[in-house]
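Q: Here it is, the structure in full.
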Amino acid sequence: MDPVHCGRMTECLPVTATRPTRAEISRSAMRHNLGAIRALVGPGVDVMAIVKADAYGHGLVEAARVFSSAGAVWLGVALPEEGVVLREAGIKLPILCLGGFWDAQEGIVVEHRLTPAVSRLDQLERLETEARRRGITATAHIKIDTGMGRLGLAAADVGRVLEALGRCSNVHCDGLMTHLASSDTPALEEFTNGQIDMFESTAERFDRAGVSLRWRHLAPSAGLHAHPRARGNLVRPGALLYGLKGDILSPARDGLPDIDVRPAMRFVSRIEHLKTVPEGTPLGYGCTFRTSRESRIATIPAGYADGVRRVLSNRGEVGVRGVRAPMVGRVSMDLTIVDVTEVDDASLGDEVVIVGPGGPSAEEFAAVAGSISYEVTCGVSARVPRVFVD
Ligand SMILES: *Cc1c(COP(=O)(O)O)cnc(C)c1O
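Going by my numbering, the first residue of the sequence shown is number 5, and it counts up by one from there.
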């Protein structure tokens, strides 16, 4: 196993000197998943790899390196801060800041050659002032709200955007984008088609005004899969790159190809304490569980501070030796108790799979927690070292 990891709390330690709880990240799975997406969209469409929120918990810099070397032509982050981390790590690809930037961040955006998604006209003016002061040209993508209702300029404001771009000689408009709100929902197909239509008519207005748009993009994972018309010339997958598809793809939809992506994260720990207790033994805070038979009870060094959500108390499962073992009692901050009575030969030191191959998928974990797979991988906390394998 490669000892390189980026557990933020434990960066100064070799991984052999940390407790045995970690998120194993498979570089080959991420590389494979990017390849599967590129094969699906074909040669006319490029990929922006979305690596916001620490690459959905998989490790920002290392994920960016994998995707850069595997053929992504853009990286997407939420915050300029994340873009700066990538630049400081030597990443050269263009980086889009999906959430734009906040007042007083125009300096770092321009200095680090980040491309913000611009959702307000005053942001264009701020970029212009900053770029002019430095005697350079900043790049921006214009974000149009076609139905997400979150960020983006109204399509009705396009005239004013074009005017402002005409005035801003130090800002280069390199792309037009929007974000699909419901591309994972077959029942909202008409809504999505309306978003795509509105985007296309907006792009035509840019064309007619003589603003040539190098990049046109609309689609996250679900959109690029279910709506080929939404691919523009650039797609913005996040989830699929990490092998998360169960919550967003609808294989039931007619004629949609499956896409072979693999989970890139295994959140694992080990049995660190094992005992046999008699029937009627209370377990954990509040004695919310009592054994109904003589039981083999294992304690694992991972709790809600690590991302083992407390809502899984007496409901979640882990994988041990390929068998599912229930969490019993309340999940506590640093420890979780598991009933391994049904696991043959369960032993001290056995690997325990909290999420990933060999245990519950992120989707299964999420279903019990009332969430989605994205929140599960993002929720593996900074205390857990990321260990990159293969
Ligand atoms: C997060 C995000 C994406 C990626 O979404 P997935 O569903 O993870 O593929 C794409 N575009 C924007 C604007 C986003 O915020």
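Even glycine gets a Cβ: it sits at the ideal position worked out from N, Cα and C.
Helix, strand or coil: which one does DSSP assign to V393?
A: Numbered from 1 along the sequence shown, position 389 holds the residue referred to as residue 393. Here V393 sits in strand by DSSP.
Q: Quick check: the region 213-230 against the region 177-191, are at least 3 beta-carbon pairs closer than 8 Å?
A: In short, these stretches touch, since the Cβ pair count reaches three.
Q: Return the chain-ordered ranges of every beta strand (DSSP E) run that is complete within the region 38-109 and spans a minimum of 3 residues.
A: For the region 38-109, whole beta strand (DSSP E) runs of length 3 or above, ordered along the chain, are 50-54, 78-81 and 99-101.
Q: Taking the straight line between their C-alpha atoms, what separation do you get for E276 and S30?
A: Translated into the one-based positions of the sequence shown, residue 276 becomes position 272. Translated into the one-based positions of the sequence shown, residue 30 becomes position 26. The straight-line gap from Cα to Cα measures roughly 25 Å.
Q: Determine whether the beta carbon atoms of R319 and M331 lie at a separation below 8 Å.
A: For the purposes of this step, residue 319 is taken as residue 315 along the sequence shown, with counting starting at 1. For the purposes of this step, residue 331 is taken as residue 327 along the sequence shown, with counting starting at 1. Yes, they are a contact pair.
Q: Shortest alpha-carbon distance to G353 belongs to which of V315, T303, G170 and V165?
A: Start at 1 with the first residue of the sequence shown, and residue 353 comes out as number 349. Looking at the Cα atoms, T303 is the closest of the given residues.
Q: Per DSSP, which residues does P282 bridge with? Please list them.
A: Residue mapping note: residue 282 aligns to position 278 of the sequence shown, counting from 1. Paired residues: none, contrary to the question.
Q: What does the alpha-carbon distance come out to for the pair A191 and E15?
A: Translated into the one-based positions of the sequence shown, residue 191 becomes position 187. Translated into the one-based positions of the sequence shown, residue 15 becomes position 11. Between A191 and E15, the C-alpha separation is close to 46 Å.
Q: Does DSSP put T206 in a helix, a strand or coil?
A: The count along the sequence shown starts at 1 and reaches residue 206 at position 202. Helix.
Q: Within the continuous beta strand (DSSP E) that includes R220, where are the two ends?
A: The sequence position of residue 220 within the sequence shown is 216, counting from 1. Residues W219 to H221.
Q: My understanding is that G383 touches G311, with C-beta atoms under 8 Å, so please give their C-beta distance in whole angstroms.
A: Counting from 1 along the sequence shown, the entry for residue 383 is found at position 379. Counting from 1 along the sequence shown, the entry for residue 311 is found at position 307. With 8 Å as the limit, G383 and G311 qualify as a contact, their Cβ atoms being about 4 Å apart.
Q: Taking S225 as part of the alpha helix (DSSP H), name the residues at either end of that continuous run.
A: Mapped onto the sequence shown, residue 225 falls at position 221. First-last of the alpha helix (DSSP H) with S225: S225 to A230.
Q: Using alpha carbons as the reference points, say which of V272, M52, H62 and A33 lies closest to E379.
A: Along the sequence shown, one-based indexing puts residue 379 at 375. Here the closest residue by C-alpha is H62.
Q: In the DSSP assignment, what residue or residues form a beta bridge with F271?
A: Indexing the sequence shown from 1 puts residue 271 at position 267. In DSSP, F271 forms a bridge with A27 and V359.
Q: First and last residue of the beta strand (DSSP E) that includes L180?
A: Taking the sequence shown and counting its residues from 1, the one referred to as residue 180 is at position 176. Per DSSP, L180 belongs to the beta strand (DSSP E) from V175 to M181.
Q: Mind checking which residues open and close the alpha helix (DSSP H) that includes G353?
A: Here the question's residue 353 lines up with position 349 in the sequence shown. Note, G353: premise wrong, no alpha helix (DSSP H); not H, not E.
Q: Around the Cβ of P267, are there at least 16 other Cβ atoms within 10 angstroms (buried) or fewer (exposed)?
A: Indexing the sequence shown from 1 puts residue 267 at position 263. It counts as buried.
Q: Just checking, does the region 182-198 make contact with the region 128-146 on the three C-beta pairs under 8 Å criterion?
A: Result no; under three Cβ-Cβ pairs closer than 8 Å.
Q: Can you tell which of R387, A185 and G156 has the C-alpha that lies nearest to the C-alpha of I252?
A: Indexing the sequence shown from 1 puts residue 252 at position 248. Comparing Cα positions, the closest option is A185.
Q: With distances taken from CA atoms, which of D50, R138 and D188 is nearest G250?
A: Position 246 of the sequence shown, counted from the start, is the residue given in the question as residue 250. Looking at the Cα atoms, D188 is the closest of the given residues.
Q: At 4 residues or longer, what runs of the alpha helix (DSSP H) sit wholly inside the region 117-197?
A: Counting whole runs of 4 or more residues, the region 117-197 contains the alpha helix (DSSP H) stretches 125-138 and 162-171.
Q: Less than 8 Å between the CB atoms is what I'm expecting for E132 and N174, so what's the real figure, rounded?
A: Counting from one through the sequence shown, the residue named residue 132 turns up at place 128. Counting from one through the sequence shown, the residue named residue 174 turns up at place 170. About 5 Å separates the two Cβ atoms, so the contact holds.
Q: Tell me the residue span of the beta strand (DSSP E) that contains T340.
A: Taking the first residue of the sequence shown as 1, we reach residue 340 at position 336. Per DSSP, T340 belongs to the beta strand (DSSP E) from T340 to D343.
Q: Just checking: is the beta-carbon of V347 within a distance shorter than 8 Å of some beta-carbon in chain C?
A: In the displayed structure, chain C is absent; only one protein chain is listed.
Q: Grouping DSSP H, G and I as helix and E and B as strand, with all else coil, what is G383?
A: As a working note, residue 383 is residue 379 in the sequence shown. Correct three-state label for G383: coil.
Q: Please report the straight-line C-alpha distance between F71 and K96, rounded to a whole angstrom.
A: Taking the sequence shown and counting its residues from 1, one reaches residue 71 at position 67. Taking the sequence shown and counting its residues from 1, one reaches residue 96 at position 92. If I take the Cα positions, the gap works out to 12 Å.
Q: Can you check whether the CB of N37 is closer than 8 Å to the CB of L238?
A: Counted from its first residue, the sequence shown places residue 238 at position 234. Counted from its first residue, the sequence shown places residue 37 at position 33. No, the Cβ-Cβ distance between L238 and N37 is not below 8 Å.
Q: According to DSSP, which residues form a beta bridge with R300?
A: Within the sequence shown, the letter at position 296 stands for residue 300. Answer by DSSP bridge pairing, in chain order: T280.
Q: With a Cβ-Cβ cutoff of 8 Å, do D264 and A40 count as a contact?
A: Looking up residue 264 in the sequence shown gives position 260. Looking up residue 40 in the sequence shown gives position 36. Cβ atoms of D264 and A40: closer than 8 Å.
Q: Tell me whether V113 sits in a helix, a strand or coil according to DSSP, three-state version.
A: Here residue 113 refers to the residue found at position 109 when the sequence shown is read from its first residue. Note: V113 maps to helix in three-state DSSP.
Q: Is it buried or exposed, G259, if we count other Cβ atoms within 10 angstroms and call 16 or more buried?
A: The residue you call residue 259 lines up with position 255 of the sequence shown. Classification for G259: exposed.
Q: Given a cut-off of 8 Å, decide if G94 and A53 are closer than it, judged by their beta-carbon atoms.
A: Taking the first residue of the sequence shown as position 1, residue 53 is located at position 49. Taking the first residue of the sequence shown as position 1, residue 94 is located at position 90. Not in contact: A53 and G94 (Cβ atoms no closer than 8 Å).
Q: Is the beta carbon of I140 less than 8 Å from the beta carbon of V122?
A: Position 136 of the sequence shown, counted from the start, is the residue given in the question as residue 140. Position 118 of the sequence shown, counted from the start, is the residue given in the question as residue 122. Result no, Cβ atoms of I140 and V122 do not sit closer than 8 Å.
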